[in-house]
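First comes the structure, then the notes that go with it.
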Amino acid sequence: PISPSDTPTPPPTTTATTIPERDALLQAIDNNDDDAIAQAIEQLIPLSPLDGNSEKAKYDAALDGEWKLIWYNSCNFSPLLKLPSPFRPDSYQYFGAIASREVGEGRVAQGLTG
Numbered sequence: 002p003i004s005p006s007d008t009p010t011p012p013p014t015t016t017a018t019t020i021p022e023r024d025a026l027l028q029a030i031d032n033n034d035d036d037a038i039a040q041a042i043e044q045l046i047p048l049s050p051l052d053g054n055s056e057k058a059k060y061d062a063a064l065d066g067e068w069k070l071i072w073y074n075s076c077n078f079s080p081l082l083k084l085p086s087p088f089r090p091d092s093y094q095y096f097g098a099i100a101s102r103e104v105g106e107g108r109v110a111q112g113l114t115g
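Residue numbering for the sequence shown follows this note's numbering, beginning at 2 and increasing consecutively.
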């Protein structure tokens, strides 16, 4: 009989949740460590799928859609984000086509929910 400890463990796959640089950023955000956050962002920049391509269409395609704000470095961003957890809304930023419909071409829309 094979026990659970005898079962081979498959090799880990690289997914969005197993990228060490991403994990470091999320940990720094959890720790509320602005210096570590800035360092972690610098470590992620070389991993961009855009590979240094500055063509506007590629950036637009990469950013298009809805993004949840998980960190910001200024309390003046929205006074509502200073509220305690049960009352603080989630903040979303909308880029590309979805934002164009709401606030016009080339702009970022913000939505607070909760």
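For glycine and all other residues, C-beta sits at the position ideal for the given N, C-alpha and C.
Keep in mind it's a predicted model, so treat the numbers as computed, not measured.
With DSSP collapsed to three states, give me the class of residue i.
| i | result |
| --- | --- |
| residue 106 | coil |
| residue 70 | coil |
| residue 113 | strand |
| residue 52 | coil |
| residue 92 | strand |
| residue 36 | helix |
| residue 20 | coil |
| residue 45 | helix |
| residue 123 | Since the displayed the chain opens at 2 and closes at 115, residue 123 lies outside it and no answer follows. |
Taking buried to mean at least 16 other C-beta atoms within 10 Å of its own C-beta, is residue i buried or exposed?
| i | result |
| --- | --- |
| residue 86 | exposed |
| residue 26 | buried |
Which residues in the same chain have their Cβ closer than 6 Å to the Cβ of residue i, if we skip the five residues on either side of it in sequence?
| i | result |
| --- | --- |
| residue 45 | 22 |
Near residue i, what residues of its chain come up, given a Cβ to Cβ distance below 7 Å and the 5 sequence neighbours on each side ignored?
| i | result |
| --- | --- |
| residue 37 | 29 |
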